[in-house]
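Everything below concerns the one structure shown next.
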């Protein structure tokens, strides 16, 4: 009964490919997020959605496109992958106060 | 300017000792939230403790407590009776933004190692 789940856990792909990461939460939260953790472990928000609507877009290249089919799901699609996209991507969801994170997806672009 | 500062890149502590991880923050909003997350070597981000800016008392969760000093803008995490399983990266974070448009801003993290 995982609260926030992500698939896949690992993703290895070639430069130029398009890939997607899926996220689902069963906590009944209205707000979901994508964060990126770089090689130095620094975490930074990319997007947030509230009830399927995009609320925050933190100057992320438009190769990254989030999609929220319903408030329990927030997927991240990345076009034309670049070496610099290699990172760990975390999905999160929140109630009024606290954000709960998924297990992360480690993306490696070769 | 850094909004969340963790000045200790790494800390080494003997098992069973108490440990304090430092965090200072910078905001002009009267309403904000402060969080600590643990990231073990397996990679997941585990929520530990939350302190709201209007909370009168310091937050506690089991062996974790948050030493909230509002005037000094500090929110240190105290772990009592440390255990080997406490070895991990620890991140301090601040929630900013209006409800529905909130985000977490993270510090650089502190790598805690508990020695047997």
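Chains as they are written, first to last, in my numbering: chain A, 4 to 113; chain B, 3 to 118. Ideal placement from N, C-alpha and C gives every residue a C-beta, glycine not left out.
The three-state reading of DSSP puts residue 113 of chain A in coil, since its state is none of H, G, I, E or B.
About 7 Å separates the beta carbons of residue 106 of chain A and residue 45 of chain B, which is inside the 8 Å limit, making them a contact pair. In the structure shown, residue 35 of chain B falls within a strand segment according to DSSP collapsed to helix, strand and coil.
In its chain, beyond the 5 residues on either side, 36, 95, 96 have a beta carbon closer than 8 Å to the beta carbon of residue 102 of chain A. Chain-ordered, the chain B residues with CB closer than 7 Å to the CB of residue 102 of chain A read 106. Leaving aside the five residues that flank residue 60 of chain B on each side, the residues in its chain whose CB is nearer than 8 Å to its CB run, in chain order, 53, 67, 68, 69, 70.
In this chain, the beta strand (DSSP E) harbouring residue 70 of chain A covers 67 to 73. For residue 34 of chain A, the uninterrupted beta strand (DSSP E) segment begins and ends at 34 to 40. In this structure, the beta-carbon distance from residue 41 of chain B to residue 95 of chain B does not fall below 7 Å. Taken in chain order, the complete beta strand (DSSP E) segments of 3 residues or longer contained in the stretch 77 to 109 of chain B are 90 to 98, 105 to 108. In the three-state DSSP reduction, residue 86 of chain A falls in the helix class (H, G or I).
Residues of the same chain with a CB within less than 6 Å of the CB of residue 54 of chain A, apart from the 5 flanking positions on each side, are 33, 74 in chain order. In chain order, 24 place their CB closer than 7 Å to the CB of residue 9 of chain B, counting only its own chain and leaving out the 5 sequence neighbours on each side. Annotated as proximal: residue 34 of chain B and residue 55 of chain B, with beta-carbon spacing under 7 Å.
At the C-beta level, residue 91 of chain A and residue 66 of chain A stay beyond 7 Å of one another. For a Cβ distance threshold of 7 Å, residue set 45, 46 of chain B lies close to residue 107 of chain A, ordered along the chain.
Against chain A, the beta carbon of residue 59 of chain B has no neighbour under 8 Å; the closest one sits roughly 16 Å away. If the five residues before and after residue 118 of chain B are omitted, its C-beta is found closer than 7 Å to the C-beta atoms of 17, 86, all from its own chain and listed in chain order.
Rounded to whole angstroms, the gap between the alpha carbons of residue 83 of chain B and residue 22 of chain B is 11 Å. Residues of the stretch 45 to 66 of chain A that bring their beta carbon within less than 8 Å of a beta carbon in chain B comprise 45, 46, 47, 48, 51, 53, 58, 59, 61, in sequence order.
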